[in-house]
Amino acid sequence: MQQGQMAYDRAITVFSPDGRLFQVEYAREAVKKGSTALGIKFKDGVALISEKKVRSRLVEKTSLEKIQLIDDRVAAVTSGLVADARVLIDFARISDQQEKVTYGSLMNIENLVKRVADQMQQYTQYGGVRPYGVSIIFAGLDSIGPRLFDCDPAGTINEYKCVSIGAGKDQVTAYLEKEYKENLSEDEAIRMGIAALKSAVADESSMKEPEIASIKMGETFHVFTSEEVSKYLN
Amino acid sequence: MQQGQMAYDRAITVFSPDGRLFQVEYAREAVKKGSTALGIKFKDGVALISEKKVRSRLVEKTSLEKIQLIDDRVAAVTSGLVADARVLIDFARISDQQEKVTYGSLMNIENLVKRVADQMQQYTQYGGVRPYGVSIIFAGLDSIGPRLFDCDPAGTINEYKCVSIGAGKDQVTAYLEKEYKENLSEDEAIRMGIAALKSAVADESSMKEPEIASIKMGETFHVFTSEEVSKYLN
Amino acid sequence: MQQGQMAYDRAITVFSPDGRLFQVEYAREAVKKGSTALGIKFKDGVALISEKKVRSRLVEKTSLEKIQLIDDRVAAVTSGLVADARVLIDFARISDQQEKVTYGSLMNIENLVKRVADQMQQYTQYGGVRPYGVSIIFAGLDSIGPRLFDCDPAGTINEYKCVSIGAGKDQVTAYLEKEYKENLSEDEAIRMGIAALKSAVADESSMKEPEIASIKMGETFHVFTSEEVSKYLN
Amino acid sequence: MQQGQMAYDRAITVFSPDGRLFQVEYAREAVKKGSTALGIKFKDGVALISEKKVRSRLVEKTSLEKIQLIDDRVAAVTSGLVADARVLIDFARISDQQEKVTYGSLMNIENLVKRVADQMQQYTQYGGVRPYGVSIIFAGLDSIGPRLFDCDPAGTINEYKCVSIGAGKDQVTAYLEKEYKENLSEDEAIRMGIAALKSAVADESSMKEPEIASIKMGETFHVFTSEEVSKYLN
Amino acid sequence: MQQGQMAYDRAITVFSPDGRLFQVEYAREAVKKGSTALGIKFKDGVALISEKKVRSRLVEKTSLEKIQLIDDRVAAVTSGLVADARVLIDFARISDQQEKVTYGSLMNIENLVKRVADQMQQYTQYGGVRPYGVSIIFAGLDSIGPRLFDCDPAGTINEYKCVSIGAGKDQVTAYLEKEYKENLSEDEAIRMGIAALKSAVADESSMKEPEIASIKMGETFHVFTSEEVSKYLN
Amino acid sequence: MQQGQMAYDRAITVFSPDGRLFQVEYAREAVKKGSTALGIKFKDGVALISEKKVRSRLVEKTSLEKIQLIDDRVAAVTSGLVADARVLIDFARISDQQEKVTYGSLMNIENLVKRVADQMQQYTQYGGVRPYGVSIIFAGLDSIGPRLFDCDPAGTINEYKCVSIGAGKDQVTAYLEKEYKENLSEDEAIRMGIAALKSAVADESSMKEPEIASIKMGETFHVFTSEEVSKYLN
Amino acid sequence: MQQGQMAYDRAITVFSPDGRLFQVEYAREAVKKGSTALGIKFKDGVALISEKKVRSRLVEKTSLEKIQLIDDRVAAVTSGLVADARVLIDFARISDQQEKVTYGSLMNIENLVKRVADQMQQYTQYGGVRPYGVSIIFAGLDSIGPRLFDCDPAGTINEYKCVSIGAGKDQVTAYLEKEYKENLSEDEAIRMGIAALKSAVADESSMKEPEIASIKMGETFHVFTSEEVSKYLN
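Chains as they are written, first to last, in the working numbering: chain B, 129 to 362; chain L, 129 to 362; chain S, 129 to 362; chain D, 129 to 362; chain P, 129 to 362; chain X, 129 to 362; chain Y, 129 to 362.
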């Protein structure tokens with residue numbers, strides 16, 4: 129690291145001379161240390177798949193779950209600082225419920241993602257706080273059909289056919305860039321997602337029992353049981 | 129970079145000895161990394177045209193849209209930090225709707241642009257925040273006729289016959305400075321805009337399907353379909 | 129620049145050992161980069177004249193207007209940071225209208241200028257903000273007769289027979305110091321002002337179509353049309 | 129320690145270039161100096177066991193108690209800065225009682241732990257405060273059955289079959305990782321916990337009279353008397 | 129300047145090791161650059177006299193007036209930063225009027241001076257602001273008789289028989305220290321004051337038309353006309 | 129002191145790399161300069177004893193009193209910064225009275241001590257303040273029986289059979305660690321306390337007339353008169 | 129001054145490694161530059177005596193008065209920064225009157241002194257302010273009898289038989305330590321006080337007309353006239 133850089137990267141609210149926000153870039157490093165996950169659309173729905181790092185047999189498995197339901201038609205998977213992620217997921221749930229209480233219907237998924245991303249953007253512009261060290265994939269169904277977004281520490285959001293976050297993001301993306309086709313069946317999509325994750329995750333044990341959840345048109349989000357997951361592992 | 133400069137460019141609220149605000153200049157660097165877009169007036173209306181960077185085939189195209197409608201007679205295109213841009217566009221929409229609710233009619237376009245620019249100026253004068261890393265072109269129709277403004281990170285606004293922002297701004301401007309004529313037809317203006325963008329954008333792929341939107345006297349803003357766009361590409 | 133100076137000029141709220149406020153002096157440098165303008169009193173009124181920098185033929189001329197009406201008996205011309213100037217002009221207009229709503233009559237011009245100058249002074253005394261990088265000439269008519277003030281980044285105001293701001297301030301002042309006489313006719317005053325501006329402005333193009341506005345006893349402020357301006361240019 | 133590190137670890141709200149929050153890591157060092165404690169689930173309940181450092185015979189033993197009841201179905205044991213721990217335990221009790229007053233029933237244990245952890249997370253993201261220098265084990269019974277969580281200075285929470293905090297955490301965890309079996313009886317679990325603590329605590333005196341508390345299905349939390357504890361010590 | 133000093137003089141709220149407040153001392157330097165003025169008591173009243181710096185014939189003379197009426201029995205003359213002085217004079221006028229509205233009578237002069245001085249003292253004790261760069265002489269009549277005070281950037285006030293502020297303060301004071309007698313007539317006092325000012329002011333032009341104002345028992349404050357002033361100039 | 133330390137010990141809200149809070153440790157140094165005092169329980173009550181430093185015969189003795197009644201069943205003795213101690217004792221008295229007003233009965237002593245300690249803990253966690261430079265011994269009677277606590281600058285509290293604070297704390301504690309027996313009579317306890325203090329206090333004069341106060345079951349706190357004290361001094 | 133010290137003495141809210149608050153110590157230096165004053169009790173009352181520095185014959189003597197009445201049974205004399213002293217004396221007067229309005233009787237003198245001292249203590253503990261650079265002697269009569277306190281920049285208060293502040297404090301105290309006897313008559317006490325002051329004040333002129341005020345049982349505070357003072361000067 130050069131001296132010039134150090135002068136700009138310790139104060140969140142300043143630009144470097146070439147227009148970069150170092151603190152946001154460093155927060156992305158925290159995400160790059162996180163577990164790998166992906167979202168993938170199929171013909172009539174969208175699935176989330178995440179590796180599951182079993183650090184110790186003493187940890188309850190439910191405690192390792194990376195996929196979180198926001199409501200019964202939207203789920204999210206996160207990578208990065210665990211506590212930051214929890215706070216943002218709760219923020220999403222509360223925003224969603226407030227909308228329901230106020231307007232009688234749940235939020236459009238894009239608006240829900242924007243609400244979370246706006247919160248994250250503010251932490252990159254105001255002094256006295258640090259950015260959130262987290263990326264989030266949101267997946268779900270709304271009146272437009274299956275939706276799949278990611279949101280990064282800068283508060284930037286994009287919509288995808290498939291998308292990955294975490295340590296193995298680059299390998300997963302390279303795999304899907306090559307293999308992904310539209311109009312996959314749910315089955316094909318999940319098998320492709322698992323193959324993509326396997327190509328990226330060095331630690332085999334964390335792919336022994338990955339997490340899977342999906343939603344299909346006309347249904348609610350379904351988190352796969354161990355039995356359902358195991359069908360996809362050979 | 130000289131030591132003298134470093135002393136002044138890390139604290140947003142101070143002037144340098146020669147009266148410059150370095151943080152604002154650095155925010156402009158963030159804009160210079162953004163995608164290139166332009167606005168161009170024609171006889172009875174105004175058009176916006178933007179390159180569309182397709183970074184990956186896995187990204188949904190709607191997610192790359194740079195042109196945003198504020199309401200049915202005003203649209204904007206942005207360049208720079210994507211999350212900052214979203215926040216400012218939402219700010220514009222909310223200001224616009226509040227005016228409508230309060231006074232029963234939409235804001236004059238110039239006032240709408242000033243409202244956004246005042247917000248941006250404040251972030252260059254108060255401590256504890258950074259400037260917005262974004263430039264915006266606003267185009268639309270009001271009682272005066274077709275209007276076309278830009279607004280930069282300093283909060284400066286100008287009205288133009290044609291204007292460009294983003295990485296290719298200088299080349300586009302040089303092209304239009306030479307070629308632009310008043311009283312172009314809509315067709316001529318769009319063809320000239322595309323030619324100008326092509327002269328500036330190195331990556332050919334991002335001009336494969338540029339975004340186009342325009343508004344004509346007596347009509348509302350129209351975002352071109354792929355078919356409509358493709359008519360202009362040869 | 130000496131090391132001793134650097135220790136004091138980066139924090140707005142401190143005096144240097146010799147009792148100077150460097151940030152205010154640096155803000156004046158921003159004004160010295162601005163376009164040149166002047167105000168000049170004549171027998172029964174007062175006029176404002178400004179060079180008009182036409183940076184590009186693509187910019188709408190109305191967008192370059194430096195002379196702004198506050199209400200129909202007061203106008204202002206500014207030099208320095210464009211966004212700061214807009215914010216202060218709006219501040220003046222709102223103060224003026226609030227007075228009218230509250231007391232049924234417009235503010236005395238001197239009080240209006242003081243209101244703006246007090247705002248500017250506060251930004252030189254409180255931490256967490258920078259001074260406004262702008263000087264303003266206010267001209268108008270009130271019960272005392274024609275009035276002509278300037279206000280600088282320190283918030284200092286003075287009343288003048290004629291006054292100049294911007295890059296050419298020193299030359300314009302030297303010219304008028306020598307030539308100005310009281311009881312000029314409006315015509316004579318405007319011709320003298322244009323001559324003074326021409327003596328100061330290096331870039332001839334920006335004197336091709338200067339801005340002129342004036343007010344006479346019993347009338348309201350009049351912004352000159354291109355035809356009216358052109359009468360004075362030979 | 130390298131110079132590069134020192135630049136980032138004195139300001140809580142910034143990330144280091146590799147995405148770490150040094151202040152949170154240093155707060156964990158405060159925890160590593162604390163007394164060793166553990167939580168362990170058994171067939172129909174969960175137990176907490178803590179060493180008891182008797183620094184002086186002049187201290188009242190009740191004052192050394194590390195195990196604290198939140199209400200009659202949840203208890204906690206802490207390690208790290210003693211005053212920080214007291215403040216957080218009180219925070220948990222008040223949150224719990226507010227829930228009871230508001231909704232007529234006590235909080236779900238997981239929600240109670242999240243409430244505390246959210247408080248701890250905020251102290252890692254906002255300026256002007258330091259993180260809490262404390263880790264907490266929460267144990268209890270709710271409608272799901274026996275629950276066992278820990279919460280660290282980052283605000284991260286996990287659910288466990290057994291878990292340890294404090295100076296001897298690594299040795300205790302290694303011991304339990306090897307020995308722990310599910311469906312232990314309460315008796316077996318407590319004996320295993322004491323053996324694990326003994327393997328980790330160098331100062332024998334602090335294992336002379338360890339603290340033990342447990343809860344079984346259908347009962348409330350029971351803090352062991354000296355007599356009950358002594359049964360387990362040979 | 130020594131390094132030891134620099135460590136203490138850039139932060140207003142700290143004492144130096146020898147108990148000094150450097151920022152207050154530096155603010156006094158700003159006063160030492162101001163125009164010279166004095167107050168002088170005579171048998172049945174008190175007068176204020178100030179040099180009048182005519183920087184340019186283009187400035188309106190009223191704009192150079194240093195003597196300001198607070199109400200018809202109190203006047204003030206200031207030296208130092210012009211905008212700071214205006215803000216404090218307005219503060220005095222508003223305090224005075226508020227008292228009148230609240231209690232039906234104007235403030236005792238000493239209380240009025242204290243109100244201003246308390247304001248100035250606060251700016252020497254709180255962070256985030258700088259001291260006022262101004263000294264003020266207040267003169268007037270109240271139930272005690274003629275009163276004459278000064279107030280400096282520290283917020284210190286004293287009552288005098290005669291007193292001076294500004295660049296020539298030391299010479300004027302030395303002159304009056306030697307010459308002043310009690311029970312002068314108004315005429316004698318004004319002549320002595322002008323002589324004292326002349327002994328201190330290097331630039332003769334600024335003594336061509338000094339400002340004079342005085343108040344006598346049973347009368348209100350009177351600002352001298354040019355004719356009245358000229359009687360005293362030979 | 130090493131450079132590494134200096135980097136962490138000037139900002140209260142940060143941990144050092146080894147998990148220490150230097151500002152709290154430095155505040156304890158202020159306590160180590162204070163006068164020595166102790167609390168000691170006996171069979172049916174508790175006593176406080178303090179040396180009394182007579183710095184000058186011109187000081188009123190009442191002004192030197194270190195033992196303060198909170199109410200008639202609780203007293204406290206402090207060591208460290210005198211003004212900080214007064215503020216905290218007043219805080220304890222007000223908390224105590226508020227409880228009485230609100231609930232009709234005085235606070236449980238443990239809760240009273242916690243209220244004060246929580247206040248002290250907050251000053252170790254928030255920016256912009258320093259910790260209190262004081263340790264306090266609280267002694268009294270409540271429904272549990274005689275109580276004896278200390279509270280240090282970290283906000284840590286412990287309950288004791290006997291405890292000491294101030295410059296001689298280590299010697300007093302060593303003495304009592306060796307000599308203290310439970311079920312002492314009040315007389316024996318006070319004699320032992322005085323002997324312990326004498327073993328620790330170098331300046332004999334400050335043990336000429338120590339302060340003593342005690343409370344017995346069924347009675348209120350009694351501050352010993354000079355005559356009562358003198359009985360114990362040979 | 130050593131480098132180690134400089135690291136701690138520029139930020140008010142931190143302790144130095146040896147538990148000192150440098151800013152408070154530096155504020156005491158400001159007091160040591162102040163005029164010398166003393167308070168002295170006699171048989172049935174208490175007196176205040178202060179040197180009177182006559183810097184110039186042009187200053188009104190009333191303006192130099194150091195002894196201030198708080199109400200008719202309490203007076204104070206200050207040393208240090210004059211503006212700080214005025215603010216604190218006004219604070220005392222207002223606290224006193226508020227008590228009277230609220231409870232129908234004036235404050236107990238000790239409580240009045242504590243109110244002022246608490247204010248001073250806060251300015252030693254919170255960031256963004258500096259301590260008051262002032263020491264105050266309060267003297268008066270209340271139901272206990274004659275009272276005499278001092279209060280220093282740390283907010284520490286003590287009660288005395290006699291006490292001194294300002295530049296000559298050490299010599300005055302040494303003198304009185306040797307000479308003071310209880311049950312002096314008012315006359316003896318004042319003569320002793322003047323002798324003590326004379327022993328300490330180098331500049332004879334400031335002892336030409338010292339200030340004296342006293343209060344006796346059953347009477348109100350009496351400020352001595354010049355004639356009364358002169359009786360004590362030979």
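All C-beta atoms in this analysis are idealised placements derived from N, C-alpha and C, irrespective of residue type, glycine included.
- Just measuring C-alpha positions, the residue of 160/B, 144/B, 221/B, 142/B sitting nearest residue 146/D is 160/B.
- No Cβ-Cβ contact shorter than 8 angstroms links residue 360/S with residue 293/S.
- Listed along chain D, the residues sitting closer than 8 angstroms to residue 305/X by beta-carbon distance are 184, 185, 186.
- At a beta-carbon threshold of 8 angstroms, the residues of chain S lying near residue 143/L are 151, 154, 155, 157, 158, 258, 259, 261, ordered along the chain.
- With fewer than 16 neighbouring CB atoms inside 10 Å of its own CB, residue 309/Y falls in the exposed class.
- The CB of residue 287/S comes closer than 8 angstroms to the CB of 187, 188, 190, 191 in chain P, given here in chain order.
- Secondary structure note for residue 239/L: it is in no beta strand (DSSP E), and the uninterrupted alpha helix (DSSP H) holding it is 237-250.
- Per DSSP, the continuous beta strand (DSSP E) segment holding residue 278/P begins and ends at 273-279.
- With respect to chain Y, the C-beta atom of residue 226/P has no partner C-beta closer than 8 angstroms.
- Of 275/B, 260/B, 290/B, 234/B, the smallest CA-CA separation from residue 282/D is found for 260/B.
- If one requires a minimum length of 3 residues, the beta strand (DSSP E) runs lying completely within the segment 134-192 of chain B are 165-170, 173-178, in chain order.
- Residue pairing by DSSP places residue 209/B opposite no residue, since no beta bridge is assigned to it.
- Between the alpha carbons of residue 149/X and residue 267/X lies a distance of about 28 angstroms.
- The C-beta of residue 239/Y has fewer than 16 other C-beta atoms within 10 Å across all chains shown, which makes the residue exposed.
- The criterion of a C-beta distance shorter than 8 angstroms is not satisfied by residue 195/L and residue 321/L.
- Residues of chain Y with a Cβ closer than 8 angstroms to the Cβ of residue 212/X are, in chain order, 249, 253.
- Three or more Cβ pairs closer than 8 angstroms define a contact, and the segment 195-210 of chain D falls short of that threshold against the segment 250-258 of chain D.
- Membership of residue 298/L in any beta strand (DSSP E) is not indicated; the residue belongs instead to the alpha helix (DSSP H) covering 297-307.
- DSSP places residue 328/P in the helix class (H, G or I) of the three-state scheme.
- Residue range 354-358 is occupied by the alpha helix (DSSP H) that includes residue 355/X.
- Contact between the segment 223-237 of chain S and the segment 346-354 of chain L is absent: fewer than three C-beta pairs spanning the two stretches fall below 8 angstroms.
- For residue 310/P, there is no enclosing beta strand (DSSP E), as DSSP marks it with neither H nor E.
- For residue 339/Y, the enclosing beta strand (DSSP E) covers residues 339-344.
- Residue 321/Y carries a helical assignment under DSSP once its states are collapsed to helix, strand and coil.
- Where residue 286/B is concerned, the enclosing beta strand (DSSP E) starts and stops at 285-287.
- Looking at the DSSP output, residue 219/L bridges to nothing.
- Remark: C-beta atoms of residue 325/S and residue 179/S approach each other more closely than 8 angstroms.
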